[in-house]
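Enquirer: Taking the UniProt record's numbering, I'd label the letters of the sequence shown as residues 1 to 396.
By construction, the Cβ of each residue, glycine as well, lies at the ideal position given by its N, Cα and C atoms.
On a predicted model such as this, the values are computed, not experimentally measured, just so you know.
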Amino acid sequence: MANRVYVVGVGMTKFDKPGSREDGDYPRLAKEAGTKALDDAGVSYREVEQAYVGYVYGESTSGQRAVYELGMTGIPVVNVNNNCSTGSTALYLAAEAIRGGRSDCVLALGFEKMRPGSLGTTYDDREQPMMRHIQALCELYDPVFPPAPWMFGAAGREHMERYGSTAEHFAKIGEKNHRHSANNPYSQFQDVYTLEDILNSREIYSPLTKLQCSPTSDGSAAAILVSEAYVERHGLAGKSVEIVGQSMTTDNESTFDGTAKNIIGYDMNVRASRAVYEQSGLGPEDFGVIELHDCFSANELLLYEALGLCGEGEAPKLIDAGETTYGGKWVVNPSGGLISKGHPLGATGLAQCAELTWQLRGTAAARQVDGLDAALQHNIGLGGAAVVTAYQRAER
């Protein structure tokens, strides 16, 4: 029987425009987030038995260099890279170490120091890992550079063609997430925009405008995960949040079934979320707060359906009814999400974990959603991996 896993400490830096912090090199970002997580847990770094450190852009063993800012204790440090799901992959691996009984106290840390502008490639002398996905989508929609907004925007167009969603539905998601981020001191952007502002901002790839797209960001986030025995030994139940379900899925043949939505991971998301619902005994209706991967507003809309908040083709009704913001059935991305909080790739999944931990503890300040029993996290990286995690307060 697998050991139970608890989050007892979280921390993160403010997410910022690349290069805007004078002290913004990755070791200092990692030190800030890691120290906050350790202090939050009341744990010394010497008690940490393993570390999983995620980043996408960086040299080999950057993970070691990052955690050496916290201490040099000789523990295993594993470098993790899984595209945009890197942070949640580090979280998943840390939880696996607890579940398997190999450790009682594990650090999951993610960071990114990015370059401004659209994401690019590092190595041009070999096939790119997304090439098969791009070629498959080229058969459906004419390619446009940069590829990321084209890929997610194409999935949005497909939804419009099949189900009648409109540009306004996607823009409403951008408006919501920017509005939510105004209450998040860690958010890269804290500006509130009208729906007209969102619709009239620069078009990136229709239906996506600039204010519906996540930016490049610098930042770091971290979590301390421990076993049930550790919680009891150190009296940490009051601050603990339990991971009651967690699943990682990767591409299978359905990714290339001739639909744009599966090329960007829809089927992966369905399989990961259903596995978590089965593990936890919870369903979509049980999660008052959801932090999900809104790299583009089109992905958030599709995720309403993939995660089972509604049936296929019904996301526009959910949006029009205001069911995914304060006062609705769910508060989706109270942090502002990737669109407004920012998206330093290696840190995103762990920042989601931090937000949900604060929400379940009741310490999310102006963002707090009242009466929470459970929260859901979704993070995806194309090429591909989807990670879904369900949390409950430990006293449950």
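Leaving aside the five residues before and after residue 231 along the sequence, list all residues of the same chain whose C-beta is less than 8 Å from its C-beta, in chain order.
Expert: The residue labelled residue 231 in the question sits at position 231 within the sequence shown. Cβ within range, chain order: 6, 8, 237, 240, 394.
Enquirer: Under 9 Å between the Cβ atoms of residue 43 and residue 224?
Expert: As a working mapping, residue 43 is identified with position 43 in the sequence shown. As a working mapping, residue 224 is identified with position 224 in the sequence shown. Yes, the Cβ-Cβ distance between residue 43 and residue 224 is below 9 Å.
Enquirer: Could you check which residue in 69, 81, 392 has the C-alpha nearest to that of residue 277?
Expert: Within the sequence shown, numbered from 1, the residue matching residue 277 stands at position 277. Per the Cα distances, 392.
Enquirer: What's the C-alpha gap between residue 226 and residue 105?
Expert: The residue you call residue 226 lines up with position 226 of the sequence shown. The residue you call residue 105 lines up with position 105 of the sequence shown. Near 4 Å, if we compare the C-alpha coordinates of residue 105 and residue 226.
Enquirer: Alpha carbons only, please: which of 388, 372, 40, 46 is nearest the one belonging to residue 286?
Expert: Translated into the one-based positions of the sequence shown, residue 286 becomes position 286. For residue 286, the nearest C-alpha among the options comes from 372.
Enquirer: Taking only three categories from DSSP, how would you classify residue 43?
Expert: Residue 43 sits at position 43 when you count from the first residue of the sequence shown. Note: residue 43 maps to coil in three-state DSSP.
Enquirer: Suppose you measure from the CA of residue 263 to the CA of residue 35; what does that come to, to the nearest Å?
Expert: Here residue 263 is taken as the residue at index 263 of the sequence shown, counted from 1. Here residue 35 is taken as the residue at index 35 of the sequence shown, counted from 1. The alpha-carbon atoms of residue 263 and residue 35 are separated by roughly 38 Å.
Enquirer: Does the beta-carbon of residue 60 have 16 or more other beta-carbons within 10 angstroms, so that it is buried, or is it exposed?
Expert: Translated into the one-based positions of the sequence shown, residue 60 becomes position 60. Counting Cβ neighbours within 10 Å, residue 60 comes out exposed, since fewer than 16 surround it.
Enquirer: In chain order, what residues of the same chain have a beta carbon less than 6 Å from the beta carbon of residue 297, not counting five sequence neighbours either side?
Expert: Position 297 of the sequence shown holds residue 297. The residues are 170, 173, 174, 212.
Enquirer: Put residue 337 into one of helix, strand or coil per three-state DSSP.
Expert: Along the sequence shown, one-based indexing puts residue 337 at 337. Three-state DSSP puts residue 337 in a helix.
Enquirer: Nearest CA to the CA of residue 291: which residue from 306, 389, 305, 254?
Expert: The residue labelled residue 291 in the question sits at position 291 within the sequence shown. When only C-alpha atoms are compared, the closest one is 389.
Enquirer: Could you give the C-beta distance for residue 375 and residue 288, rounded to a whole number, given that I count them as a contact under 8 Å?
Expert: On the sequence shown, residue 375 is found 375 positions in, with the first residue counted as 1. On the sequence shown, residue 288 is found 288 positions in, with the first residue counted as 1. Sure, about 7 Å apart at Cβ, within 8 Å.
Enquirer: Tell me the rounded alpha-carbon separation between residue 100 and residue 2.
Expert: Taking the first residue of the sequence shown as position 1, residue 100 is located at position 100. Taking the first residue of the sequence shown as position 1, residue 2 is located at position 2. Spanning the two alpha carbons is a distance of roughly 6 Å.
Enquirer: Going along the chain, which unbroken runs of the beta strand (DSSP E) with 3 or more residues stay wholly within the stretch 311-393?
Expert: Qualifying beta strand (DSSP E) stretches, in chain order: 374-381, 385-393.
Enquirer: In whole angstroms, what separates the C-alpha of residue 50 from that of residue 191?
Expert: Here residue 50 is taken as the residue at index 50 of the sequence shown, counted from 1. Here residue 191 is taken as the residue at index 191 of the sequence shown, counted from 1. Straight-line Cα distance between these residues: approximately 39 Å.
Enquirer: From the DSSP output, in three-state form, read off residue 107 for me.
Expert: Along the sequence shown, one-based indexing puts residue 107 at 107. If DSSP states are grouped into helix, strand and coil, residue 107 belongs with the strands.
Enquirer: Under 9 Å between the Cβ atoms of residue 202 and residue 193?
Expert: Position 202 of the sequence shown, counted from the start, is the residue given in the question as residue 202. Position 193 of the sequence shown, counted from the start, is the residue given in the question as residue 193. No, they are not a contact pair.
Enquirer: Okay, do the stretch 7-27 and the stretch 331-347 touch, 3+ Cβ pairs below 8 Å being the bar?
Expert: Judged by Cβ distances under 8 Å, the stretch 7-27 makes contact with the stretch 331-347, as three or more pairs qualify.
Enquirer: To the nearest whole angstrom, what separates the beta carbons of residue 259 and residue 158, a pair I think is in contact under 8 Å?
Expert: Position 259 of the sequence shown holds residue 259. Position 158 of the sequence shown holds residue 158. Confirmed, Cβ separation roughly 7 Å.
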